[in-house]
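Numbering (our numbering), first residue to last: -10 to 423.
Contents: one structure, followed by commentary.
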Amino acid sequence: GIKIVTIGGGSSYTPELVEGFIKRYESLPISELWLVDIPEGEEKLNIVGGLAKRMIQEAGLSIKVHLTLDRRKALKDADFVTTQFRVGLLEARAKDERIPLKYGVIGQETNGPGGLFKGLRTIPVILEIIKDMEELCPDAWLINFTNPAGMVTEAVLRYSNWKKVIGLCNVPVGMKMGIAEQLGVEADRVHIDFAGLNHMIYGLDIYLDGELFTDQYIDKLTSEDESSGTMQNIVDLKWQPEFIKALRAIPCPYHRYYYKTEEMFAEEMKAAETEGTRAEVVQKLEKDLFELYKDESLAIKPPQLEKRGGAYYSDAACNLIDSIYNDRKDIQPVNTINNGAIDSIPNESAVEINCVITKDGPKPIAIGDLPVATRGLVQQIKSFERVAAEAAVTGDYETALLAMTINPLVPSDTVAKAILDEMLEAHKAHLPQF
Ligand code: NAD
Ligand code: G6P
Ligand code: MN
Ligand code: MN
-10 GIKIVTIGGG
0 SSYTPELVEG
10 FIKRYESLPI
20 SELWLVDIPE
30 GEEKLNIVGG
40 LAKRMIQEAG
50 LSIKVHLTLD
60 RRKALKDADF
70 VTTQFRVGLL
80 EARAKDERIP
90 LKYGVIGQET
100 NGPGGLFKGL
110 RTIPVILEII
120 KDMEELCPDA
130 WLINFTNPAG
140 MVTEAVLRYS
150 NWKKVIGLCN
160 VPVGMKMGIA
170 EQLGVEADRV
180 HIDFAGLNHM
190 IYGLDIYLDG
200 ELFTDQYIDK
210 LTSEDESSGT
220 MQNIVDLKWQ
230 PEFIKALRAI
240 PCPYHRYYYK
250 TEEMFAEEMK
260 AAETEGTRAE
270 VVQKLEKDLF
280 ELYKDESLAI
290 KPPQLEKRGG
300 AYYSDAACNL
310 IDSIYNDRKD
320 IQPVNTINNG
330 AIDSIPNESA
340 VEINCVITKD
350 GPKPIAIGDL
360 PVATRGLVQQ
370 IKSFERVAAE
380 AAVTGDYETA
390 LLAMTINPLV
400 PSDTVAKAIL
410 DEMLEAHKAH
420 LPQF
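This is how it looks when you write it as structure tokens:
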């Protein structure tokens, strides 16, 4: 049978993953699921691990669930390693979100200064995990959910020799489900040509029942009463219709931070002063979720998990693993090495793009190039990710300042330095390289 290891197993998202494995058991016969965490996460691991065991028992399956703080023991002979850890927990995310606001800059988990710092904390850990994998499970696939997933994939491609890495995000599948819902059709009738970067992906064309439908969909999207499409963690501010018509592509929900910077900053300030930043809201959600998970009579994924931003997370992860295992050659959007798929992005960089998923991994479907209006921003974010990854690996202050300053959400080198200094101090417990 298949051995799966999930690092950050104490995450409240774990029941999503377990539900996905249960649903696909016939084609994806998992014999062992190892949930790995660290001492700070032990209590969460035990609670969510208990629920995972009850879900599997309720389904009548014989998947053996192991809970451990010993990553090396877990990794031995793994087939697939999924990662969903958060260095510094939600407390660190709350700092990523609050500190930039003081300087008039967006505070967000994966964008701007917050995204930079989540990367600085995460990249050294993922590279350590890879060292263990080289020794203990050299043939395994690494499927990384840990954010910032694009920057993390970039770092793995550039600073390790590990080839079997795939970065994964629920945004593309979320867009597809949202569009199908707007059109009132089953999701499998909709196809989207996706290309870009993680949290910066565009739907370049939309097809309905195999027929090109982009213009009709854009007419619908830009009509007055339609949502512009979003997820639980991003406020649904509407796009200017003329902007979308001229762009003739579908931006992802995260593009609001770039195309609506002022409005999103105002929304964040308002939230920070009222219900709290997203991390602070999620801290409460998480507490309630773990209260539910503790209930011994619960043996399913509770619907309350839908309040988190990770909807369809398990479909993305499980469909990917299933297609690799069964060599399905279907199309899924994932983060992988560009290899010429997008002309204006370096060959050796990570892109998020539709791929054919084979037993040898994802094969990106070449698009030529991105529309000219989107190209510059995508290249700038890619440059930011590269410089940020270099800073994470070297611990070099000047490189970190360079990354902060070239980020489009940061308005000046002086502001960049002030934010950098305060955040380096606030996060120093999780930044041993600096
Ligand atoms: P969380 O705060 O619940 O963290 C998950 C677990 O990671 C915790 O139990 C924590 O103790 C553990 N952890 C921290 N450092 C670790 C380490 N070094 N080794 C092993 N475990 C460690 O986080 P969450 O809200 O469930 O999110 C988990 C991660 O997944 C985050 O990085 C988040 O950004 C990411 N995420 C990504 C997507 C995506 O689209 N790619 C979707 C949802 C969540
Ligand atoms: C979306 C993104 C994830 C992100 C999540 C945040 O799903 O794709 O990358 O981690 O939202 O959700 P949260 O509930 O933690 O705010
Ligand atoms: Mn994501
Ligand atoms: Mn800037």
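Virtual Cβ for every residue (Gly too), placed ideally from N, Cα, C.
Quick caveat: nothing in here was measured; it's all calculated off a predicted structure.
Under a Cβ-count criterion, where at least 16 other Cβ atoms within 10 Å of its own Cβ denotes burial, should F232 be classed as buried or exposed? exposed
Got a sec, what are the start and stop residues for the alpha helix (DSSP H) D385 sits in? Element bounds for D385: n/a, residue is neither H nor E.
A67 to D208, Cα distance in whole Å? 48 Å
Ordered list of beta strand (DSSP E) runs contained in the region 146 to 212, each at least 3 residues: 154 to 156, 179 to 186 and 189 to 197
How is I19 classed by DSSP in three states: helix, strand or coil? strand
Compare the C-alpha of D358 against each of S372, V340 and L309 and name the closest. V340
Segments of 3+ residues assigned as beta strand (DSSP E) that fall wholly inside the region 2 to 84: 19 to 25, 53 to 57 and 69 to 72
In whole angstroms, what is the alpha-carbon distance linking N100 and V174? 33 Å
Excluding the five sequence neighbours on either side, which residues of its own chain have a C-beta within less than 7 Å of the C-beta of R87, listed in chain order? G96, A261 and T266
Between N133 and T142, which are expected to be in contact by the criterion C-beta below 8 Å, what is the C-beta distance as a whole number of angstroms? 6 Å
CB of M253 to nearest heavy atom of ligand 2: below 7 Å? no
Flag H188 as yes when its Cβ comes closer than 7 Å to any non-hydrogen atom of ligand 3, and as no otherwise. yes
Can you tell me which residues form a DSSP beta bridge with A339? I326
Check the C-beta distance from V224 over to E269 and give it rounded, since I have them as a contact under 8 Å. Their Cβ separation, rounded to whole angstroms, is 15 Å, which puts V224 and E269 out of contact at 8 Å.
Identity of the residue in S333, D26 and P242 nearest V361 by Cα: S333
Name the DSSP bridge partner or partners of I346? D319 and P351
Roughly how many angstroms lie between the CA atoms of M166 and R60, to the nearest whole one? 35 Å
So for K290, helix, strand or coil by DSSP? coil
Which class does K227 belong to by DSSP, given the choice of helix, strand or coil? coil
Reduced DSSP category for I(-7) - H, G, I as helix; E, B as strand; rest coil: strand
Per-residue DSSP class, three states only, for G357: strand
Does DSSP put M136 in a helix, in a strand, or in coil? Correcting the residue identity first, residue 136 is Asn in this sequence and not Met. Reduced to three states, the DSSP call for N136 is coil.
Cα-Cα separation between P18 and S303, rounded to whole angstroms: 16 Å
I'd like the list of long-range same chain contacts for E374, defined as Cβ closer than 7 Å, with 5 residues on each side in sequence excluded. G139, M140 and E143
Expressed to the nearest angstrom, what Euclidean distance is found between the alpha-carbon atoms of D316 and P351? 10 Å
Can you determine whether any heavy atom of ligand 3 sits closer than 7 Å to the C-beta of N222, and answer yes or no? no
Given this structure, state the Cα-to-Cα distance separating Y243 from G9, to the nearest angstrom. 25 Å
For C241, verify whether its CB is less than 7 Å away from any heavy atom of ligand 3. no
Compute the Euclidean distance between the alpha carbons of S149 and V382, then round it to the nearest angstrom. 11 Å
Is there contact here, the region 384 to 399 with the region 72 to 79, by at least three beta-carbon pairs under 8 Å? no
Once DSSP output is grouped into helix, strand and coil, what is the label at N240? First, the amino acid is wrong: residue 240 is Pro here, not Asn. Reduced to three states, the DSSP call for P240 is strand.
Beta-ladder partner(s) of I331, from DSSP: G357
G(-3) versus E5: straight-line alpha-carbon distance, rounded: 14 Å
Under 8 Å, do L157 and L309 count as touching if we go by C-beta distance? yes
With DSSP collapsed to three states, give me the class of L451. The structure shown does not extend to residue 451, since the chain spans only -10 to 423, so no value can be given for it.
Please determine, among A176, S0 and E379, the residue with the shortest C-alpha to C-alpha distance to I36. S0
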